[in-house]
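Worksheet: one structure, shown below.
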Amino acid sequence: MNDKQKVLDPGPFFHGTKAELKIGDLLEPLYLSNYQDKKSNHIYFTGTLNAAKWGAELARSDAKERIY
């Protein structure tokens, strides 16, 4: 059996937010959403900088917009 997994999309991927993340921080679902007053079951990533910028702009905070 081959234990290598086929990569369907090698990326890059981007995440837009206003959260200040540090190297090693882990993004996990079931935390308060950036966009609404409830917990989210998902973490959103995109393959385009424009969509990541839009996500950062929509994030509910007065903090600086960031793209990771």
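So the number in our numbering is just where the residue sits in the sequence shown, counting from 1, plus 5.
Cβ atoms here follow ideal geometry from the backbone N, Cα and C, with glycine treated the same way.
(Q) Which residue wins for smallest C-alpha separation from G16, given the options D67, S66, R71 and L54? (A) L54
Q: Decide if Y61 is buried, meaning its Cβ has at least 16 other Cβ atoms within 10 Å, or exposed.
A: The displayed chain sequence assigns Ala, not Tyr, to residue 61. It counts as buried.
(Q) So, at 8 Å on beta carbons, what are the nonlocal neighbours of K46 in its own chain, with the 5 sequence-adjacent residues on each side left out? (A) It should be noted that the sequence gives Asn, not Lys, for residue 46. The residues P34 and L35, in chain order, have a CB closer than 8 Å to that of N46 in the same chain once the five nearest residues on each side in sequence are set aside.
Q) Ordered along the chain, which non-local residues of its own chain (more than five positions away) have a Cβ less than 6 Å from that of L32? A) I48
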